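A.B. asks:
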Amino acid sequence: MTKRRSSHWYGKLDKDGFIHRSWMKNQGFPDHAFDGRPVIGICNTWSELTPCNSGLRDLAEGVKRGVWEAGGFPVEFPVMSLGETQMKPTAMLFRNLLAMDVEESIRAYGIDGVVLLGGCDKTTPGQLMGAASVDLPAIVVSSGPMLNGKFKGQDIGSGTDVWKFSEAVRAGEMTLADFMGAESGMSRSKGVCMTMGTASTMASIVEAMGMALPTNAALPAVDARRMALAHLTGKRIVEMVEEDLKPSDILTKDAFINGIFANAAVGGSTNAVVHLLALAGRVGVDLTLKDFEIASDVPLLVNCMPSGTYLMEDFCYAGGVPAVLSEIKHLLRPAKTVLGGDIAAYHDGAEVYNRKVIHAFDAPVKPAAGLRVLRGNIAPDGAIVKPSAATDALLEHEGPAHVFENIEDLKANIDREDLPVTPDTILVLKGCGPKGYPGMPEVGNMPIPGRLVKEGVRDMIRVSDARMSGTAYGTVILHVAPEAQAGGPLALVQTGDRIRVSASAGTLDLLVEDAELNRRRAAWQADAPHYTRGYAKMYVDHVLQANEGADLDFLVGKDTRLVTRESH
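FYI, the numbering for the sequence shown is 18 to 585, going by our numbering.
Following this line, the structure appears as structure tokens:
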């Protein structure tokens, strides 16, 4: 039998081998579990503080069944869990910490392959980043989306309807009692947001990139077929170890391009940009914002909130990601998958069962709806806008800026009756980038000023160095780079300045003379950091900008060396 990585832990006939095996045996594992079979780590982000991932404890049992069936030895281990809806100041601050946890756990333990159990927004990219940096055979099993939300006989969607209902309450169109009544009906089962938010976006992209088995993205969390998928994944990872099929074999430039095409077709989250850029940095793929422009003309095919009407449960029943891949197969590039063959196997024979949910390529929900990259003197290193969730008329616009210097300024003043804004005003928010907040939170979809909400205004152009939830909508320009706290030109924008936006031309410009901007820059000073100790300080000191994926500079790349020094 081939000598495995795990044999350096469990195959030694000496004191060190004794220690590694003996202490594992206190869990009841028999001698033959250490006979050289593949040891499979199950990297679990289960937590009661991460409701999206609360079903992963059960899915781990399904994975174990498959591993045992295939002749492997499954061992489950925990890593940090990132509860998007629960963590302050933002879960994104800790994505890189999760990636470090995953990387070092995989490296330090005697495993030959790993199954990544995640789901909530930052979990999937964080786990993949860590696993890619060690480059052992790896495969993803996602939490799966919740069942459709329900309120007064209607379907409601995670996040998307929170934003809508909140604005309706502010406008006096919905009672507070009804708002609170919708709360329990929105989240009716375990699982991630059932809109096409970041969690389901990343699950869809991972499937389209071949890092998970087909149908992984859309099967509801509580559907028995997801447990069966976990079982099949456990079986497959043992085979992948035998084949030595690693993330570096799968995560090629072509696989990333396929993921970008899929993101456009499903109406995926803007957050996919920073996550794919960071993951590419780990595997050594030269991916830049320019690569995302390749999908700008791809039509929106999936009619799911926030860009459409339906929810992930409907998407599943309509055919899921395989059906979408069948509609864009002429765009897809040949790329290896966890099944060993080409991505074409994921859509071979796939059918669309509901054309209201998954549209045909030549009869889309919206044409040319892929993410747009904007550049200009506000964002020399780029910014992102999501046309499928925006108001078409605002994608070509010029107007005066109203600036909020930080999130506290925004919250204190957005509902002032005398706030000098009109529907043509462009709202600008600073101090919310990777260094500034810190962590680049989902506050880019700023509330519409209270006075305008009452007048019926539901969208305005908003520009910031922040992100927005994948469940959010509106003409929101995000990820402005460099960020204000790093001295980017966004820091120099003042209330009253005119800004011109053109999504078709890919431009975002501040209409202020260079001499005036130079004067402002000479007087500018960065804000004092919010954190001066611990991980947050390390993050602020080392985080890259949004156009580079907001990874930590010293984590880019990988280290596949075997740890040889023993602990005793």
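The beta carbon of each residue, even a glycine, is placed where N, CA and C say it ideally should be. The structure displayed is predicted, hence computed values, not measured ones.
Between V382 and the rest of its own chain, which residues show a CB-CB distance below 8 Å, the 5 nearest in sequence each way excluded?
C.D. replies: Once the five neighbours on either side are set aside, the close Cβ partners of V382 are G284, P316, L317, L318, V319, N320, S324, G325, H376, S405.
A.B. asks: Can you tell me which of F90, A410, T141, D129 puts its alpha carbon nearest to the alpha carbon of H292?
C.D. replies: Out of F90, A410, T141, D129, T141 has the C-alpha closest to the C-alpha of H292.
A.B. asks: Compute the Euclidean distance between the alpha carbons of D48 and D31, then round it to the nearest angstrom.
C.D. replies: Going from the Cα of D48 to the Cα of D31 covers about 16 Å.
A.B. asks: Could you name the residues that DSSP lists as bridge partners for A565?
C.D. replies: The sequence given here places Glu at residue 565; Ala does not occur at that position. For E565, which the question treats as bridged, DSSP gives no partner whatsoever.
A.B. asks: Given a threshold of 16 other Cβ atoms within 10 Å of its Cβ, counted over all protein chains shown, does G170 qualify as buried or as exposed?
C.D. replies: G170 should be labelled exposed.
A.B. asks: Do you know offhand how far V223's Cα is from R112's?
C.D. replies: For V223 and R112, the distance between alpha carbons rounds to 17 Å.
A.B. asks: I'd like the span of the beta strand (DSSP E) that includes P464, first residue to last.
C.D. replies: Taken as a continuous stretch (DSSP letters only), P464 belongs to no beta strand (DSSP E), as it is neither H nor E.
A.B. asks: From M18 to W63, what does the alpha carbon distance come to, in whole angstroms?
C.D. replies: Low per-residue confidence applies at M18: pLDDT is 47, beneath 50, and the placement is therefore not dependable, though the value from the model is reported in the following sentence. Answer to the nearest angstrom: the Cα atoms are 34 Å apart.
A.B. asks: With a cut-off of 7 Å, does the C-beta of V92 fall near any C-beta of chain C?
C.D. replies: Of the protein chains in the structure, only one exists, and it is not chain C.
A.B. asks: Looking at the structure shown, is I57 part of a helix, part of a strand, or coil, going by DSSP?
C.D. replies: Correct three-state label for I57: strand.
A.B. asks: Does the Cβ of Y556 have 16 or more other Cβ atoms within 10 Å, making it buried, or fewer, making it exposed?
C.D. replies: Buried, since its Cβ has 16 or more Cβ neighbours within 10 Å.
A.B. asks: With a CB to CB cut of under 8 Å and the five nearest residues on each side skipped, what residues in its chain are close to A77?
C.D. replies: Hits under 8 Å: I59, N61, W63, E93, L134, A247.
A.B. asks: Drop a sphere of 10 angstroms on the beta-carbon of P351, count the other beta-carbons inside from all chains shown, and report buried for 16 or more, exposed for fewer.
C.D. replies: Under this definition P351 is an exposed residue.
A.B. asks: Can you name the start and end residues of the beta strand (DSSP E) that T524 belongs to?
C.D. replies: T524 -> beta strand (DSSP E) spans 524-527.
A.B. asks: If we call anything under 7 Å between Cβ atoms a contact, is D398 one with A501?
C.D. replies: Contact flag unset, no.
A.B. asks: Please list the terminal residues of the continuous alpha helix (DSSP H) segment that includes R475.
C.D. replies: Per DSSP, R475 belongs to no alpha helix (DSSP H) and is neither H nor E.
A.B. asks: With DSSP run on the structure shown, which of helix, strand or coil describes C449?
C.D. replies: The answer is coil: DSSP assigns C449 none of H, G, I, E or B.
A.B. asks: Count the other CB atoms, across all protein chains shown, that sit within 10 Å of the CB of T484; report buried if there are 16 or more and exposed otherwise.
C.D. replies: Note that residue 484 is Arg in the sequence shown, not Thr. Looking at its Cβ environment, which holds 16 or more other Cβ atoms inside 10 Å, R484 is buried.
A.B. asks: Classify A241: buried if its beta carbon has 16 or more other beta carbons within 10 angstroms, exposed otherwise.
C.D. replies: Flag for A241 reads exposed.
A.B. asks: Using 8 Å for Cβ pairs, my map puts L156 next to A229. What's the rounded Cβ distance?
C.D. replies: What sits at residue 156 in the sequence shown is Ile, not Leu. The pair is a contact, with the Cβ atoms about 6 Å apart (cut-off 8 Å).
A.B. asks: Between I443, N233, I431, A281, which has its C-alpha nearest R389's C-alpha?
C.D. replies: Here the closest residue by C-alpha is A281.
A.B. asks: Out of G161, Q562, T215, A335, state which residue places its alpha-carbon closest to the alpha-carbon of G450.
C.D. replies: Nearest C-alpha to G450: Q562.
A.B. asks: Select from D558, E190, G337 the residue whose C-alpha is nearest the C-alpha of K471.
C.D. replies: Selected option, being the one with the closest Cα: E190.
A.B. asks: By Cβ distance below 7 Å, which residues in the same chain neighbour H547 in space, the five residues on each side in sequence not counted?
C.D. replies: P455, listed in sequence order.
A.B. asks: Tell me whether K403 sits in a helix, a strand or coil according to DSSP, three-state version.
C.D. replies: Coil at K403, not helix or strand.
A.B. asks: Grab the span of the alpha helix (DSSP H) containing S24 for me, first residue to last.
C.D. replies: Note, S24: alpha helix (DSSP H), 24-27.
A.B. asks: Using a 10 Å radius around the Cβ and a threshold of 16 neighbouring Cβ atoms, would you call F90 buried or exposed?
C.D. replies: By the 10 Å Cβ count, F90 comes out buried.
A.B. asks: For R243, which beta-bridge partners are listed by DSSP?
C.D. replies: For R243, which the question treats as bridged, DSSP gives no partner whatsoever.
A.B. asks: Flag this pair as touching only if the segment 405-418 and the segment 428-436 have three or more C-beta atom pairs under 8 Å; answer yes or no.
C.D. replies: No, because fewer than three Cβ pairs between the segment 405-418 and the segment 428-436 fall closer than 8 Å, the two stretches do not touch.
A.B. asks: Do the CB positions of P466 and N394 come within less than 7 Å of each other?
C.D. replies: Not in contact: P466 and N394 (Cβ atoms no closer than 7 Å).
A.B. asks: Pairing CB atoms from the segment 142-153 with CB atoms from the segment 108-127, are three or more of them under 8 Å?
C.D. replies: Short answer: they touch.
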